[in-house]
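Q: Quick one: structure below, then a few questions.
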Amino acid sequence: MAINRTLLGCAGAALALSVGLGGFGSAALAAKDELVIGAVQFPGTFHPSIDAMATKSYILGTARRPFTTFDQDWKLICLLCTELPSLEKGTAVEVTRPDGTRAIDATFTIQPGATWGDGKPLTTRDVLFTWEVGRHPLSGVTNAQLFSKDIVGITAVDDKTFTVHWDKYRCSYDSINDLLVLPEHLERPVFEADPAQYRNRTLYDTDRTNPGLYFGPYRISRVESGAYVVLEPNPTWWGDKPGFKRIVVRTIENTSAMEANLLSGEVDYVAGEVGLSIEQALAFEKRHGQRFKVVYQPGLFFEHIDLNLDNGILADVRVRRALLSAIDRDAISRQLFGGKQPVAHTGVNPLDRFYSEDFTRYPFDPAAAVKLLEEAGWTELRGGIRHDAAGRRLSLEFQSTAGNRTRELVQQVLQEQWRKVGVEVRINNQPARVLFGETMRERKFPAMAMFAWLSAPENIPRTILHSTMIPTPENGFSGQNYVGFRDAETDRIIDDLEVTCGEAEARPLWTRLQQIYAEQLPALPLYFRSDSYIMPPWLDGVRPTGHQYPSTLWIEQWRSK
Amino acid sequence: MLRFVSVRLFEALVVLLIMSFLIYGLIGLMPGDPIDLMINADPNLTAADAARLRELYGLDQPIWERYLNWLSAALQGDLGYSRLFSRPVPEVLAPRLANTLLLLGISFALSLAIAIPLGVFAARRPYGAADTAINLACFAGISVPPFWLALLFIILFAVVLGVLPAGGMAPVGGTGGLWERLPYLVMPVATLTLVSVGGYTRFVRAAVIEQLRQDYIRTARAKGVPERSVVWRHALRNAMIPVVTIVALGFGTLFSGALVTETMFAYLGMGKLIYDSILGNDYNIALVGLLLATLMTLAGNLLADLGYAALDPRITFTETRT
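Chain order of the listed sequences is H and A. Start counting the first sequence at 76; every next residue gets the next number (our numbering). Start counting the second sequence at -6; every next residue gets the next number (our numbering).
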């Protein structure tokens, strides 16, 4: 009996604790002047130029501004500068470098009110310091290509105006999206103390709440590593007054737990850039959509299947066309993704200004696929699988990222659709780190590999399609032309696009590039992935971008209705 | 005894050294490295950038050279930086370890506090109605997946009733004191307790039944020792020897055991940290974290041995000549 009493006592205590803690849930409900955003990852560093990560870009979007970026309409705009440089206005000038290279200089002016959170004005000294850090080989800055090769010099005109000297004539002279300015007055002593240790000792990681590190509408006021980041309005912000007194970005890695947090009101908003995948959002919307506003933003994630063009079967363009004709991409988009992920026909997104309608499309047509396969010599059906005259079996290995439920589902659908036209597909998936770390990088995939490319608008696909970008042991496996695409016309167009700046002159080149892609099919285009945003009905002003630059760059426009 | 402990500590050091080499080697042998992860995350990263970063991080060196560099620095007290957190390893690990020990310590104590009396209660009435009911409950507890139980708790107590936070460690902006953390500990502790109490109860039950069949128990009863003393002083004391083994060996699996619970409740513990560090090629964290797990297993073994001696005075660690 004593034991029974003990047990009852324990249960009673547990119940009392639960009841005693009652009301917690209501206390935790966010007031409307606070916004709690759920994210599935926590940033490793808060340094803007070391290690790119979606969650970091998302958080820093509230606390800093790039000089230039693409807006929600995929148009290049100034955020930290006053006006984009232009050849017409004379703020960009074509020059000849001493070695005879044709190049370009572009002049930018910093927003007059731009001030670091500690009250120090943001000046060209900061820009010069940023360039100095960026080009130092030991600083650990990720995108050093920009600082040490693309930009050959920066000249300060005055405190607020500077000129960027590009290495060559390039149409993207007006874009310095990734020149992310650092506070010279705070970071210089750290950098100069030991450039090789700078990446570990930057104040962005050792003194993350220092107001002087930020100059956006909000500044980071508290960080609990792995758990949350608190953002508070920055008193020195020069733009529109932000709408929330506090923004919290909470990390919840498990998506089921994330849904529960949304439902319990502990998280108000799950951002598309750093949140749930589309099928999770669709399922959530089905169950709880009436309580939330769910927005799907098609974006620049180009989901496709890379084809190894050195594979004897896939080297024949007729087989590649047959494979695409045998896929019902509309049905996949409709059935699996509720029609929220638009079918892709080339790597250029229809939202991109250089998208063309003038290229070959491959609607779902199994009969056409069969005809193409037969023309290619795959005529004999044995056990439902095609064979050629030499008795070779039409069998292809199909790889993707193991554990990615969406891709694995799509693979099964594709396998079935291809089987119907006599193509055998063997699925052999690998963990992402193996697939991208070795298999793709060293071109070890025997036939087909499904994954996505992420890019900025108007991205010239040099690394993906130019023949010099095929990874080989000789070039240390550099480049991302994993398919092994070699086409002289494509190479020429890519080279020309980089120096053909007028929209009217560039458009025919872009159109031809899309035509070649559709004709040659170095990869099978599937669909453009969408980001899914689950918002509370009272949140207003959020405009997803659909590209790599986050919606938080306009966070001062977010309001509670 | 002192000699025994010294020898075991020396053995532990050797094991740790071997383990560190094996773990470093295994992580290094996995395809892909941190720079590949960066390339996947950053469309602007060029091949030249990747090559420069690989050299900067020392990833172009052979594994054994990297290991020797790490070992040399570690022996001088420098455990390196976490790549995923951009912080020195001890700064990342220490709070996570404390969080896990707090979570597991409470659930561990609770599990034993429930399992021991429950196991004894069932052992005293074997195959009766109460025993059957306890067995059924134990099997249910053992069988239920922790993630499902955690989700059930979250839906019930956070979503439907709204009496407990759905996850996290402490209120945003709070001081992080124990009182503040209490509401956040209730559900993870309950989940871990419920999934482990069944196993412990079954084990205690079986051990006590075994002891109650022994001659010395019959003798004690014949001598007129009260039944309460027979069970709690005599039988349970001996039954605890195998229980101590199970409990002590469980130390090493603490981190991995809490992984699911920590993930579901966004609880910042060691299990999740080690898992993420392996996936993210965060060599320094993975290495030290796994070595800590090894150390816990070794410490558990040592504690088990010492526990035997405390429970059974016949067990001794002094050498005897025969």
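C-beta: ideal position from N, C-alpha, C; glycine also.
Identify, in the order they occur along the chain, each residue of the same chain with its Cβ nearer than 7 Å to the Cβ of Leu229/A, setting aside the five sequence neighbours on each side.
A: Val113, Val201
Q: Note down, in chain order, every chain A residue with its Cβ under 7 Å from the Cβ of Gly27/H.
A: Only positions 76 to 636 of chain H appear in this structure, which leaves residue 27/H out of reach.
Q: Only counting the same chain, and skipping five residues up and downstream in sequence, which positions put a Cβ closer than 8 Å to that of Gly84/H?
A: Only weak support exists for where Gly84/H lies, its pLDDT of 43 falling under 50; the coordinates are left without a value.
Q: By the criterion of Cβ-Cβ separation under 9 Å, what are the contact partners of Asn218/H in chain A?
A: Asp35, Asn37, Leu38, Thr39, Asp42
Q: State the CB to CB distance for the pair Met31/A and Ala127/H, rounded to an integer number of angstroms; the pair is presumed to be in contact (CB under 8 Å).
A: Met31/A to Ala127/H, Cβ: 7 Å. Contact.
Q: Does any C-beta atom of chain A lie closer than 8 Å to the C-beta of Arg508/H?
A: yes
Q: For Lys519/H, which residues of its own chain have a beta-carbon under 7 Å away from its beta-carbon, when the five flanking residues on both sides are left out?
A: Glu513
Q: Evaluate Trp141/A with the Cβ neighbour count: other Cβ atoms within 10 Å of its Cβ, from every protein chain shown; 16 or more gives buried, anything less gives exposed.
A: exposed
Q: Specify the secondary structure class of Tyr608/H as computed by DSSP and reduced to three states.
A: Look at Tyr608/H here: in three-state DSSP terms it is strand.
Q: What separation, rounded to the nearest whole angstrom, lies between the Cα atoms of Glu255/A and Ala183/A?
A: 12 Å
Q: With distances taken Cα to Cα, identify the nearest neighbour of Gly413/H among Gln505/H, Val168/H, Leu337/H, Ala356/H.
A: Ala356/H
Q: Using only the alpha-carbon positions, how far apart do Ile388/H and Leu469/H sit?
A: Going from the Cα of Ile388/H to the Cα of Leu469/H covers about 8 Å.
Q: Can you tell me whether DSSP reads Cys246/H as helix, strand or coil?
A: When DSSP states are grouped into helix, strand and coil, Cys246/H belongs to the helix group.
Q: Measuring straight from C-alpha to C-alpha, what distance separates Trp172/A and Pro164/A?
A: 11 Å
Q: Listed from N- to C-terminal order along the chain, which residues in the stretch 331 to 350 of chain H have their beta-carbon within a distance smaller than 7 Å of any beta-carbon of chain A?
A: Ser331, Ala332, Ala335, Asn336, Leu338, Ser339, Glu341
Q: For chain H, is any of its Cβ atoms less than 8 Å away from the one on Ile147/A?
A: yes
Q: Please return the same chain residues whose Cβ sits closer than 7 Å to the Cβ of Val349/H, not counting the five positions on each side in sequence.
A: Only residues of its own chain outside the window of five on either side were considered, and among them Ala114, Val115, Gln116, Ala129, Thr130, Tyr133 have a CB closer than 7 Å to the CB of Val349/H, listed in chain order.
Q: Using DSSP with H/G/I as helix, E/B as strand and the rest coil, what is Ser101/H?
A: Low confidence applies here, because Ser101/H scores a pLDDT of 40, under 50, leaving its location unreliable; read the following figure in that light. Residue state, collapsed to three classes: helix.
Q: Does the beta-carbon distance from His379/H to Ala598/H come in below 8 Å?
A: yes
Q: Give me the Cα-Cα distance between Phe367/H and Glu334/H, rounded to the nearest whole angstrom.
A: 12 Å
Q: Once you ignore the five residues that flank Gly192/A on each side, which residues in its own chain have a CB closer than 7 Å to its CB?
A: Setting aside the 5 residues that flank it on each side, Gly192/A is surrounded in the same chain by Ile135, each with a C-beta closer than 7 Å to its C-beta; the list follows chain order.
Q: Where DSSP assigns a beta bridge to His379/H, which residues make up the other side?
A: Phe526/H, Pro600/H
Q: Counting only Cβ pairs nearer than 8 Å, list the residues of chain A close to Leu357/H.
A: Result: empty, since nearest Cβ-Cβ is about 19 Å, beyond 8 Å.
Q: Where DSSP assigns a beta bridge to Thr144/H, which residues make up the other side?
A: Thr144/H is bridged to Ile152/H.
Q: Just the Cα atoms here: how many angstroms apart are Val197/A and Gly340/H?
A: 42 Å
Q: Rounded to a whole number of angstroms, what is the C-alpha to C-alpha distance between Leu46/A and Pro612/H?
A: 44 Å
Q: Let me know the secondary structure DSSP gives Tyr344/H once reduced to three states.
A: strand
Q: Where do the ends of the alpha helix (DSSP H) carrying Glu262/H lie?
A: 259 to 268
Q: Contact check, Arg245/H vs Ile179/H under 8 Å by CB: the rounded distance?
A: Confirmed, about 7 Å.
Q: Can you tell me whether Gly121/A is buried or exposed? The criterion is at least 16 other CB atoms within 10 Å of its CB, across all chains shown.
A: Flag for Gly121/A reads exposed.
Q: For Thr212/A, is the classification buried or exposed, using 16 other Cβ atoms within 10 angstroms of its Cβ as the cut-off for buried?
A: exposed
Q: Who are the near neighbours of Phe150/A in its chain, counting only those whose CB is closer than 7 Å to its CB and skipping five residues on each side?
A: Val156, Leu157, Met180
Q: When the cut-off is 8 Å and only beta carbons count, does Arg195/A lie next to chain H?
A: no
Q: Take Pro176/A and list the residues in its own chain whose beta-carbon comes closer than 7 Å to its own, dropping the five residues that flank it on each side.
A: Leu157, Pro158
Q: Mind checking if Tyr133/H is an interface residue toward chain A, Cβ cutoff 8 Å exclusive?
A: no
Q: Are the beta-carbon atoms belonging to Gly422/H and Pro532/H less than 8 Å from one another?
A: no
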